[in-house]
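K.L.:
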Amino acid sequence: MYRIGDIEIKLLEATIASKQLFRVGNPASGHWHQVLNFENELAQIVGTKHALLVSGGGTSALTCALIGLGIGPGDEVIVPAYTFMATASAVLMAGAIPVITDIDESLALSPEAFEKRISKHTKAVIPVHMIGRPSDMDKIMEIAKRHGLKVIEDSCQAGGGSYKGRRLGSIGDAGAFSFNDFKILSCGEGGGMVTSDPSVYEKASIFHDSGASFRPYAKDFTIPVFLGQQFRASELMGAVLRGQLRRLEGILSDARRNSNRIRNELGSVNGLKIAPMNDPSGDCGISVAFTFESEVKARKFGQSPGVGAYLPIDTGKHVFINWEPLLKKNVYHHPRMNPFNFEENKGLRSEYGDEVCAKTLDICKRTAIISVSPDWDVQTVTQRIEACRKAVQ
Ligand SMILES: Cc1ncc(COP(=O)(O)O)c(C=O)c1O
């Protein structure tokens with residue numbers, strides 16, 4: 000949560016006054032269509048034909064995208080080794096097997112490692128735009144196209160970011176956003192799936208609103224309604240998120256101003272190397288990353304007075320070696336529902352030892368990240384820059 004206040008309060012007040020909190024309703028009786036309006040506004044901003052707001056978070060938005068693309072048992076999906084565990088767990092929720100793959104120093108999926116990991120079972124790849132930083136989408140899309148793979152952009156940490164002028168989430172076949180408390184756009188919890196493929200949208204809509212064949216929009220479905228999950232969003236979520244969307248450009252431009260200043264002023268300082276970026280102009284601005292030669296140097300820098308940087312290796316469930324339930328292959332409540340036990344998944348790659356992505360562990364130990372707030376004033380940014388300079392003197 001970066002900013003929230005009067006805009007959201009007004010939208011919430013109107014919604015509560017309508018006494019209609021279910022996403023479907025009649026405007027003639029005061030229903031605001033906050034969810035539907037938010038979906039249209041999000042799709043417009045991101046640049047996709049469709050958006051679906053889900054109550055279950057980025058995890059369920061990713062699951063909806065996978066289901067929408069028809070991914071399931073017998074399929075391998077490539078995911079980066081540095082991402083929140085949910086990227087991989089969503090793959091398992093769809094019945095497929097995540098294949099964990101190295102990142103590069105940009106902290107996003109390495110295109111070279113991605114291509115090397117493709118097997119005859121690979122159906123999709125999920126590049127993750129971690130800490131607001133775009134993945135190398137040109138290379139990833141080119142490789143995916145050449146191998147006939149679907150691309151789902153995990154944009155959970157990069158709401159509003161872009162790559163070469165296109166918003167993150169609109170470049171692949173589908174994209175997913177998280178609206179939990181730690182994200183650029185937030186209503187505490189929730190997620191958004193975006194796509195321009197009507198069949199992905201249709202399957203995801205059915206899955207997220209299981210058995211809802213009586214709802215007005217279901218009459219337009221071209222496939223029979225199947226049972227799925229209940230991830231429908233409420234009008235309260237729609238109201239808050241519509242307010243958040245109005246703040247998006249302000250949050251991004253303030254965060255970018257601060258992070259650009261840090262990068263510009265520290266870029267040529269001896270002993271500091273700004274981590275490579277795939278598209279600095281599309282970066283959300285919420286972080287600045289530095290690459291060091293060793294973990295000792297990165298830690299020393301991060302712990303120097305006033306620097307306030309963390310090492311990705313210390314961020315728990317964001318590094319694959321800490322995805323305990325997945326590493327232990329504990330999925331679902333019943334062994335027959337566990338994708339690791341499916342007949343179709345026998346022979347698929349599910350080795351998750353540290354050695355599988357040793358390069359990622361090395362990078363996560365040698366990188367130090369400063370989280371940047373859009374609300375830092377000039378003096379705060381100056382103090383951070385000075386602290387970083389002192390740290391490497
Ligand atoms: C990269 C990434 N993917 C997926 C998720 C899952 O989102 P949620 O917690 O909203 O389900 C998160 C959440 O932190 C995330 O950071």
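Here the sequence shown stands for residues 0 to 392, where the numbers follow numbering that gives the first Met the number 0. The beta carbon of each residue, even a glycine, is placed where N, CA and C say it ideally should be.
(1) Are the stretch 96-110 and the stretch 353-368 touching, with three or more C-beta to C-beta distances below 8 Å?
(2) Shorter than 7 Å, the distance from the beta carbon of VAL268 to the closest heavy atom of ligand 1, or not?
(3) Under 6 Å Cβ to Cβ from SER303, same chain only, skipping five residues before and after it: list those, please.
(4) From what residue to what residue does the beta strand (DSSP E) around LEU51 run?
(5) What are the residues that DSSP puts in a beta bridge with MET123?
(6) Looking at CYS155 and ligand 1, is the gap between the Cβ and the nearest heavy atom below 7 Å?
(7) Which same chain residues end up closer than 8 Å to ASP282 when comparing Cβ atoms and leaving out the 5 residues on each side of it in sequence?
(8) Give a yes or no on whether the C-beta atoms belonging to SER252 and ARG22 are separated by under 8 Å.
(9) Measure how close the beta-carbons of TRP175 and MET192 come, nearest whole angstrom, since I'm counting them as under 8 Å.
(10) By the 10 Å Cβ neighbour count, where 16 or more other Cβ atoms means buried, how is ARG262 classified, buried or exposed?
(11) Given this structure, state the Cα-to-Cα distance separating ALA80 from ALA112, to the nearest angstrom.
(12) Return the CA-CA distance between LEU91 and GLY147, expressed in angstroms with no decimal places.
(13) Mind reading off the beta-carbon distance from ALA64 to VAL199? Whole number of angstroms is fine, and I expect it under 8 Å.
(14) Can you name the residues that DSSP bridges to TYR309?
(15) Can you tell which of LEU52, LEU35 and GLY4 has its C-alpha closest to the C-alpha of PRO215?
(16) Tell me whether GLY203 counts as near ligand 1, meaning its Cβ is closer than 7 Å to at least one heavy atom of that ligand.
(17) Which residues in the same chain as LYS138 place their Cβ atom closer than 6 Å to its Cβ, once the five residues preceding and following it in sequence are excluded?
(18) To which residues of the same chain is LEU226 closer than 6 Å at the C-beta, ignoring the five residues directly before and after it?
(19) Assign GLU7 to one of two classes, buried (16 or more other C-beta atoms within 10 Å of its C-beta) or exposed (fewer than that).
(20) Can you check whether the CB of GLY171 is closer than 8 Å to the CB of GLU152?
(21) Have a look at THR194 and ALA50 and give me their C-alpha separation to the nearest angstrom.
(22) Distance, Cα to Cα, LEU240 vs PRO126?
(23) Answer yes or no: the CB of PHE181 versus the heavy atoms of ligand 1, is any distance below 7 Å?
P.N.:
So, to answer that:
(1) The stretch 96-110 vs the stretch 353-368: in contact.
(2) When distances are taken from the beta-carbon of VAL268 to the heavy atoms of ligand 1, even the shortest one reaches 7 Å or more.
(3) Taken in chain order, the residues that qualify are ALA390.
(4) Under the DSSP assignment, LEU51 falls in the beta strand (DSSP E) whose first and last residues are 49-53.
(5) Looking at the sequence shown, residue 123 is not Met but Ala. DSSP, once it has assigned bridges, lists VAL76 and LYS149 as partnering ALA123.
(6) At a threshold of 7 Å, CYS155 counts as near ligand 1, since its beta carbon sits closer than that to one of the ligand's heavy atoms.
(7) Shown here for ASP282: same chain residues with a beta carbon closer than 8 Å to its own, the five before and five after excluded, namely GLY131, ARG132, PRO133, GLY160, ARG255, SER258 and MET276 in chain order.
(8) In this structure, ARG22 does not lie closer than 8 Å to SER252 by Cβ.
(9) Residue 175 is actually Ala in this sequence, not Trp. About 6 Å; that satisfies the 8 Å criterion.
(10) Per the 10 Å Cβ criterion, buried.
(11) Near 11 Å, if we compare the C-alpha coordinates of ALA112 and ALA80.
(12) Straight-line Cα distance between these residues: approximately 21 Å.
(13) For a cut-off of 8 Å, the C-beta gap from ALA64 to VAL199 is around 7 Å, short enough to register as a contact.
(14) TYR309 pairs with ILE368.
(15) Selected option, being the one with the closest Cα: LEU35.
(16) The question names Gly, but residue 203 is Ala in the sequence shown. Taking 7 Å as the cut-off, one finds no heavy atom of ligand 1 near enough to the beta carbon of ALA203.
(17) Contacts found: PRO110.
(18) Contacts found: SER209 and GLY210.
(19) Classification for GLU7: buried.
(20) GLU152 is a Cβ neighbour of GLY171, given a cutoff of 8 Å.
(21) Taking the straight line joining both Cα atoms gives about 7 Å.
(22) The straight-line gap from Cα to Cα measures roughly 25 Å.
(23) The nearest non-hydrogen atom of ligand 1 is less than 7 Å from the C-beta of PHE181.
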